[in-house]
Amino acid sequence: MKKFNSAVFASLIISVSTFALAHNEQTHAKKTGPVIKEQKEWGIAGDAKAVNRTVTFTMTDKMRFSPEKLEVKQGETIKFVIKNGGKVMHEMVLGTKKDLDEHAAMMVKFPGMEHDEPYMAHVGPGKTGEIIWTFNKPGTFDYACLIAGHYQAGMVGKVAVVASK
C-alpha cells in the first residue's frame, strides 16, 4: 500500500480549491459584485467607463484566434469582444507565456476546472463574451485558449504594449 503524503495532498487541495470543477460545454456564470482588481504583470482589470477602444476577436474550432496579434499603447483600456464561431467551448485568457504554460498544464490534468478571473472569458459555441483590461505595463504578452488540447494545438496570440512616451 502506498504511503499517504499529506503535504502533497494539501498542496493539491489548495491549488484545486481556487477553481470549481465544471468546464464542460457550459458558459460560466458571471461573478456578481465588483471585479477584484489585482495588478498582474500584463496589466489590471479595467473599468467599462474608461474603455479607449473595442477590439473584436473570433475563436474557431480550427484552434485559432482572429486577430492573432494586437498592438496597444501603455495605459490603454481595451474592451475585448470575444466571439466563439465554433461548435465547442473556447476561452480567451490574457497572461504571460509562463503563466499560460502553467495554467495550460493544470488544465490538462484537470480538464473540468472552472475559473473566473477578470483577464479571462469562457465562451460557449455561438456565444459572445468580453474582457475589459487596462494594459498599464509595456511589454509583449499573450492570450490563449487553455481548454485542454486547444493551447497545445496553437490557439494563441500576442499583445504588444507600446511604452507611453
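Count the sequence shown with our numbering and you get residues 244 to 408, in order.
Note that the Cβ used here is the ideal one computed from N, Cα and C, for glycine as well.
Setting aside the 5 residues that flank it on each side, Lys380 is surrounded in the same chain by Glu284, Trp285, Gly286, Gln317 and Val404, each with a C-beta closer than 8 Å to its C-beta; the list follows chain order. If you look at Glu373, you'll find it in the beta strand (DSSP E) that goes Thr371 to Phe378. Secondary structure of Val298 (DSSP, three-state): strand. For Val336, the secondary structure class from DSSP, reduced to helix, strand or coil, is strand. CA-CA distance, Ala387 to Gly400, rounds to 6 Å. Annotated three-state conformation of His346 is helix, per DSSP. Per DSSP, Lys283 is not a residue of any beta strand (DSSP E), being assigned neither H nor E.
Leu337 is positioned such that its CB atom lies no closer than 8 Å to that of Phe300.
The shortest C-alpha to C-alpha distance from Gly369 to any of Ala291, Lys330, Gly289 and Gln282 is the one to Lys330. Around the Cβ of Gly355, a 10 Å sphere holds fewer than 16 other Cβ atoms; the residue is exposed.
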